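Trainee: Per our numbering, the very first residue in the sequence shown carries number 52; after that it's consecutive.
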Amino acid sequence: MFWGVILQRTIFISDIHGHLDPFKKLLDQIQYDSSKDQLILVGDYVDRGAQSKETIDFVMSLVEEGAIALKGNHDDWFAKWVRDPFAVSTNFLIHGGVETIESYLGDLSESDFDGGKFKLWSENILETHSHHIEFLEQLPLTYEGDEFIAVHAGVDPDKDDWSESEEQVLLWIRERFIKNDLPHLDKPVIFGHTPTPNLHHSADVYFGKNKIGIDGGYTFGHQLNALILEDGKMKSQALKR
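Structure representation (C-alpha cells):
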C-alpha cells in the first residue's frame with residue numbers, strides 16, 4: 052500500500068499451488084497495477100504444481116511492491132516440514148509436498164521417499180532458501196478491511212468474535228464454517244482452501260451467506276479466480292486451465 056495514493060481496486064487470489072505461469076497470466080489478464088491496486092493473496096502458494104520455489108520468490112516480490120499475502124495450510128505444512136520433517140504428517144507429501152521439494156532439489160526417485168533422506172533434504176532447503184521459510188512463517192493469518200474479512204480457510208462460527216478463531220481453524224476449517232450462515236458477522240469472509248466446485252458445482256467464485264469462496268480449483272483442472280472489489284461492487288475474472 053502506498054501512502055497518499057487512493058487504490059482503485061482490491062483484488063483477491065488464492066490457492067496458486069505452485070502454478071506460477073498461470074498466476075502471472077491472470078495478473079496480466081486483469082491488468083494488475085501495484086501502484087493502483089491492492090492485491091490480497093489468500094494463501095497456499097506451494098504444493099501440487101511444479102513451480103513452488105519460483106512462486107514464493109514472486110509472491111515475495113509482490114509483497115515488496117505492496118501486496119498482502121496471507122498464510123495457507125500448505126504454506127504452513129511446508130515450512131514446518133523443512134524445520135522438522137518427522138514432526139509433520141506424511142499427508143504433506145501425498146498432497147503435493149513431493150512437487151514442492153522437487154522444485155528446490157530437482158527430480159527425486161520414488162524410492163527415496165522412505166524417510167531416510169528427509170532430514171538431508173530439509174537441511175539443504177533451509178541452507179539455500181531459509182528466507183523462503185522465514186517468509187512463510189511470518190505471514191499473517193487474516194486481513195480485515197472495511198468491507199471484508201480475508202482468511203485462507205474460514206473462521207470459527209462458534210466464536211462471537213471471529214478474530215478469536217484459533218490458527219488451526221483459520222488454516223484448515225471446512226464443513227463447520229461452510230454450513231454456517233455466520234449471522235453475527237457484519238461483512239463477508241473471503242476465503243480459499245475449499246475449491247468452489249465443491250461449494251456450488253462451478254469453478255466460478257462462490258457467493259454464499261456472509262462468505263465468498265474464491266478457490267477455483269486450478270490445481271485440480273479447473274480455473275484460477277480473481278475476485279475484484281471496486282467502488283463497493285464485486286466481480287470476478289478467471290483463467291481456465
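C-beta atoms are modelled at their ideal positions from N, C-alpha and C, and glycine is treated no differently. Predicted model, so just to flag it, every value in this text is computed and none were measured.
Using C-beta distances below 6 Å, list every residue in its chain close to alanine 118, excluding the 5 sequence neighbours before and after it, in chain order.
Mentor: Leu90
Trainee: Using CA atoms only, rank isn't needed, just tell me which of Gly205, His182, Trp172, Glu185 is closest to threonine 193.
Mentor: Gly205
Trainee: Suppose you measure from the CA of aspartate 79 to the CA of alanine 138; what does that come to, to the nearest Å?
Mentor: 39 Å
Trainee: Does any C-beta atom of chain B lie closer than 8 Å to the C-beta of histidine 203?
Mentor: Note that chain B does not occur in the displayed structure, where there is just one protein chain.
Trainee: Considering only the beta carbon of each residue, do leucine 58 and threonine 106 sit closer than 8 Å?
Mentor: The Cβ-Cβ distance between leucine 58 and threonine 106 does not fall below 8 Å.
Trainee: Touch check for the region 242 to 256 and the region 180 to 199: three-plus C-beta pairs under 8 Å?
Mentor: no
Trainee: Using a Cβ-Cβ cut-off of 8 Å (strictly less than) and excluding sequence neighbours within five positions of phenylalanine 53, which residues of its own chain qualify?
Mentor: Residue placement at phenylalanine 53 cannot be trusted, given a pLDDT of 48 that sits under 50; the coordinates are not used to answer.
Trainee: Is the region 257 to 270 in contact with the region 238 to 249, if contact means three or more CB pairs nearer than 8 Å?
Mentor: yes
Trainee: Let me confirm a value: serine 65 is counted as buried when at least 16 other C-beta atoms fall within 10 Å, else exposed. Which label applies?
Mentor: For serine 65, the number of other beta carbons within 10 angstroms of its own is at least 16, and it is reported as buried.
Trainee: Looking at the secondary structure, which residues open and close the alpha helix (DSSP H) in which arginine 26 lies?
Mentor: The first residue shown for the chain is 52 and the last is 292, placing residue 26 beyond what the model contains.
Trainee: On a Cα-Cα basis, can you pick out the residue from Gly69, Thr61, Lys131, His235 that is closest to aspartate 108?
Mentor: Of the candidates Gly69, Thr61, Lys131, His235, the one whose C-alpha sits nearest the C-alpha of aspartate 108 is Gly69.
Trainee: Using only the alpha-carbon positions, how far apart do aspartate 95 and valine 202 sit?
Mentor: 11 Å
Trainee: Bridge partners for glutamate 281 per DSSP, in chain order?
Mentor: Beta-bridge pairing links glutamate 281 to Lys284.
Trainee: What residue ranges within the region 205 to 240 form continuous alpha helix (DSSP H) runs of no fewer than 4 residues, ordered along the chain?
Mentor: 218 to 223, 226 to 229
Trainee: With distance defined between alpha-carbon atoms, name the residue in Ile241, His235, Pro234 nearest to leucine 221.
Mentor: Ile241
Trainee: Check whether the Cβ atoms of phenylalanine 63 and leucine 278 sit closer than 8 Å, and answer yes or no.
Mentor: For phenylalanine 63 and leucine 278, yes; Cβs fall inside 8 Å.
Trainee: Classify glutamate 161 as helix, strand or coil using the three-state DSSP reduction.
Mentor: helix
Trainee: Does the Cβ of leucine 144 have 16 or more other Cβ atoms within 10 Å, making it buried, or fewer, making it exposed?
Mentor: So leucine 144 ends up on the buried side.
Trainee: What is the rounded straight-line gap between the Cα of serine 216 and the Cα of arginine 227?
Mentor: CA-CA distance, serine 216 to arginine 227, rounds to 13 Å.
Trainee: Sort out for me which residues DSSP pairs aspartate 88 with in a bridge.
Mentor: Arg60
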